[in-house]
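Right, one structure below, let's go through it.
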Amino acid sequence: MSMLRSFVLVAAVAIVAGPVAHAQEPVKPGPEHDMLKKWEGTWDVTMKMEGTEAKGTSTFKMELGGLWLASALDIELFGTKFAGKGMDTYDAKKKKFVSIWCDSMSTSPMILEGTYDKETKKLTMSGDAPGPDGKIQKHKTVTEWKDENTATFAMYMGDGKDPMFTVTYKRKK
Numbered sequence: 042m043s044m045l046r047s048f049v050l051v052a053a054v055a056i057v058a059g060p061v062a063h064a065q066e067p068v069k070p071g072p073e074h075d076m077l078k079k080w081e082g083t084w085d086v087t088m089k090m091e092g093t094e095a096k097g098t099s100t101f102k103m104e105l106g107g108l109w110l111a112s113a114l115d116i117e118l119f120g121t122k123f124a125g126k127g128m129d130t131y132d133a134k135k136k137k138f139v140s141i142w143c144d145s146m147s148t149s150p151m152i153l154e155g156t157y158d159k160e161t162k163k164l165t166m167s168g169d170a171p172g173p174d175g176k177i178q179k180h181k182t183v184t185e186w187k188d189e190n191t192a193t194f195a196m197y198m199g200d201g202k203d204p205m206f207t208v209t210y211k212r213k214k
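Residue numbers (the working numbering): 42 to 214.
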């Protein structure tokens with residue numbers, strides 16, 4: 042008898058919820074997603090940190106119906122291979138860009154959000170994430186488009202006025 046009750050309950054929920062699920066329009070990429078799409082491709086990366094310079098490669102591709110920019114970074118830092126993965130989008134409800142970053146140096150993701158200034162061509166994002174010591178710190182990133190094939194990225198931690206590191210991206214041709 043309990044099997045019959047479970048079936049009736051599941052069927053009733055499906056009947057009630059079905060029309061509601063179909064009533065919502067699917068989310069479509071907007072102009073902000075077109076801006077993220079400019080990143081698609083393979084890039085040569087030069088990272089400057091603590092007086093050293095490292096070179097690597099980064100790839101970008103729009104995924105999940107054109108709503109998310111997936112990225113992968115491979116570079117050698119201080120004699121160790123470093124890998125990172127990112128997912129970036131524009132949240133139309135918040136009217137902000139959102140970034141999720143995971144890498145081979147941490148088990149905690151970095152989640153940032155921010156805005157793009159069309160005049161300066163800068164995307165500034167901020168959020169809280171673990172620092173090098175594992176303690177939660179404020180993080181700020183500034184990405185600037187120099188031209189269609191060149192961009193720079195700077196990461197600031199805490200209340201630092203100078204970036205912890207900078208990255209220059211050059212599109213591979």
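In this text, a Cβ means the ideal position worked out from N, Cα and C, and glycines have one as well.
Three or more pairs of CB atoms, one per stretch, sit closer than 8 Å, so the stretch 196-214 contacts the stretch 76-96.
Proximity to G120 across E94, F206, W109 peaks at E94, based on C-alpha coordinates. Taking C-alpha positions only, M146 is separated from P173 by approximately 9 Å. Per DSSP, the unbroken beta strand (DSSP E) holding E154 starts and ends at 151-158. Under the 8 Å Cβ criterion, the stretch 180-191 counts as touching the stretch 155-164, having at least three qualifying pairs.
Burial check for S149: the Cβ neighbour count within 10 Å stays below 16, so the residue is exposed. Considering only K187, K78, E66, the residue with the shortest C-alpha distance to W109 is K78. In the DSSP assignment, no residue is bridged to H74. In the three-state DSSP reduction, W80 falls in the coil class, being neither helix nor strand. One alpha carbon belongs to K163, the other to A133, and they sit about 19 Å apart.
Within the stretch 84-151, the runs of beta strand (DSSP E) that reach at least 3 residues and sit entirely inside it are, in chain order, 93-104, 109-118, 121-132, 137-144. For V68, there is no enclosing beta strand (DSSP E), since its DSSP letter is neither H nor E. The closest CA to that of M76, considering only W186, K126, A113, T98, is found on W186. For F206 against M90, the beta-carbon gap comes to about 4 Å, under 8 Å, which counts as contact. Distance from the CA of G127 to the CA of A113, rounded to the nearest whole angstrom, comes to 6 Å.
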